[in-house]
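Chemist: This is the structure, below, for whatever I ask next.
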Amino acid sequence: ELKVEQNPLFLSMQEGKNYTIYCNYSTTSDRLYWYRQDPGKSLESLFVLLSNGAVKQEGRLMASLDTKARLSTLHITAAVHDLSATYFCAGSSGTYKYIFGTGTRLKVLA
Amino acid sequence: EAQVTQNPRYLITVTGKKLTVTCSQNMNHEYMSWYRQDPGLGLRQIYYSMNVEVTDKGDVPEGYKVSRKEKRNFPLILESPSPNQTSLYFCASSGQGLGQETQYFGPGTRLLVL
């Protein structure tokens, strides 16, 4: 049974700093997803990672996938206040059954 | 505009009073899904549907029913709501196949069961 764990759960960082959010999963996951949720809002898809070694970048966010280590990372470069949100990773096991992590609440301080 | 809509957005009800939350998408997506979001638990999948008349259980299906009679609609039915079903509910849809896996989420329905 697929389990997905994120850490840290909370992250407070200064503007301009770099940091990484980690997403570990317990068994084979066909794909790995990253989502963003602003307070009181819905979820927005950020990245879909399909294969080992996949790396995707959008602005100050970069996601990568290591299927051998069962680990995905979301790296934030030179954080800005607008990146404050909750970030979720999710895995799936081939049948469109999705398992989400508990989320990382990121707060970027000016 | 491509979107997933949910109604109602907010609902207060009492234990045992049947309710339906509607979900509709205009992107001709085959796949639709329902999630509930609770503090500290992330999102948990309730039911999903691969296409018309094809549904399956997610992680937390107890107390919920779904149907998929039309491709665009995927209603969530609570036959006899209980207070532990108080939650924020999201509907999502996506295409199938490579490059179409991105899920698009509805705005959410906040449900309070007294």
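Protein sequences, first through last, are from chains W and H. Numbering of the first sequence is given in the working numbering, commencing with residue 1487 and proceeding in unit increments. Numbering of the second sequence is given in the working numbering, commencing with residue 4 and proceeding in unit increments. Note that beta-carbon positions come from the ideal geometry of N, C-alpha and C, so glycine has one too. Here the structure is a predicted model, which means the values were calculated and not measured.
1. Would you kindly check if the distance between the Cβ of Leu1595/W and the Cβ of His1561/W is under 9 Å?
2. Taking a Cβ distance cut-off of 8 Å, strictly less, list which residues of the stretch 41-69 of chain H are near chain W, in chain order.
3. Under 9 Å between beta-carbons, which chain H residues line up against Leu1592/W? List them in chain order, please.
4. My assumption, with CB atoms under 8 Å, is that Glu33/H sits in contact with Gly98/H. Please give the rounded CB distance.
5. Give every residue of the same chain whose Cβ lies closer than 7 Å to the Cβ of Val1534/W, excluding the five residues on either side of it in the sequence, and list them in chain order.
6. Where does Asp1516/W sit, in a helix, a strand or coil, going by DSSP?
7. Hey, quick one: how far does the beta strand (DSSP E) through Ser1528/W stretch, first residue to last?
8. When DSSP labels each residue in this structure, what does Gln103/H get in the three-state scheme?
9. Glu104/H touches chain W at which residues, Cβ-Cβ below 7 Å?
10. Counting only beta-carbon separations shorter than 9 Å, does Phe1496/W have a partner in chain H?
11. Considering Leu1569/W, what are the terminal residues of the beta strand (DSSP E) in which it resides?
12. Comparing the C-beta of Gln28/H with each C-beta of chain W, is any distance below 9 Å?
Modeler: To lay it out plainly:
1. Numbered from its first residue, the first sequence carries residue 1561/W at position 75. Numbered from its first residue, the first sequence carries residue 1595/W at position 109. No.
2. Listed by position along the chain: Gly43, Leu44, Gly45, Leu46, Arg47, Gln48, Tyr51, Met53, Asp59, Gly61 and Asp62.
3. For the purposes of this step, residue 1592/W is taken as residue 106 along the first sequence, with counting starting at 1. Near Leu1592/W there are no residues of chain H at all, since even the closest Cβ is about 15 Å away, more than 9 Å.
4. Numbered from 1 along the second sequence, position 30 holds the residue referred to as residue 33/H. Numbered from 1 along the second sequence, position 95 holds the residue referred to as residue 98/H. Your pair Glu33/H and Gly98/H checks out as a contact, with CB atoms roughly 6 Å apart and the cut at 8 Å.
5. Taking the first residue of the first sequence as 1, we reach residue 1534/W at position 48. A distance below 7 Å between beta-carbons, with the five flanking residues on each side excluded, links Val1534/W to the following residues of its chain, in chain order: Arg1517 and Tyr1519.
6. Against the first sequence, residue 1516/W aligns to sequence position 30. Here Asp1516/W sits in coil by DSSP.
7. Translated into positions along the first sequence, residue 1528/W becomes position 42. The continuous stretches of beta strand (DSSP E) do not include Ser1528/W, and DSSP gives it neither H nor E.
8. To locate residue 103/H, count along the second sequence from 1; it is residue 100. In this structure, DSSP gives Gln103/H a state outside helix and strand, which the three-state scheme calls coil.
9. Taking the second sequence and counting its residues from 1, one reaches residue 104/H at position 101. Per Cβ cutoff of 7 Å: Arg1517 and Val1534.
10. Counted from its first residue, the first sequence places residue 1496/W at position 10. False, the Cβ-Cβ gap to chain H never drops below 9 Å.
11. Here the question's residue 1569/W lines up with position 83 in the first sequence. Taken as a continuous stretch (DSSP letters only), Leu1569/W belongs to no beta strand (DSSP E), as it is neither H nor E.
12. If you number the second sequence from 1, residue 28/H lands on position 25. Answer no: the Cβ-Cβ gap between Gln28/H and chain W never drops below 9 Å.
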